[in-house]
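A.B. asks: Numbering (my numbering), first residue to last: 1 to 90.
1. Quick one: using the 10 Å Cβ neighbour count with 16 as the cut-off for buried, is residue 1 buried or exposed?
2. In this structure, does DSSP put residue 87 in helix, strand or coil?
3. By a C-beta neighbour count over all protein chains shown, 10 Å radius and 16 as the cutoff for buried, is residue 73 buried or exposed?
4. For residue 50, does the count of other Cβ atoms within 10 angstroms reach 16, so buried, or fall short, so exposed?
5. Going by DSSP, what residue range makes up the alpha helix (DSSP H) through residue 61?
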């Protein structure tokens with residue numbers, strides 16, 4: 001993933017209250033996104049949540065990011081259940 005546009009980074013900074021410009025690729029799995037950033041993902045609107053997840057992972061399928069944002073972040077599904085039943089191997 002080539003990173004996010006400056007306008008998206010500024011929106012994330014505004015919504016999360018911190019600079020996220022150095023966080024690209026900081027997570028190696030959805031488990032890490034869950035363990036380290038689930039509250040941030042829950043704060044974001046669906047579109048920004050998808051982008052932020054993909055940014056944290058340094059790239060990921062949009063489908064997995066949307067599924068994670070909806071089922072795990074919004075609906076509170078157990079991360080292990082999601083990984084076993086909804087995560088599509090990339």
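Ideal Cβ placement from N, Cα and C applies to all residues, glycine included.
Remember, predicted model here, so these are calculated numbers, not experimental data.
C.D. replies: Quick answer:
1. For residue 1, the predicted structure reports a pLDDT of 44, less than 50, and the residue's modelled location is therefore unreliable. The matter cannot be settled from this model.
2. Of the three classes helix, strand and coil, the one that applies to residue 87 here is coil, per DSSP.
3. buried
4. buried
5. Looking at the DSSP string, residue 61 is not in any alpha helix (DSSP H), and its letter there is neither H nor E.
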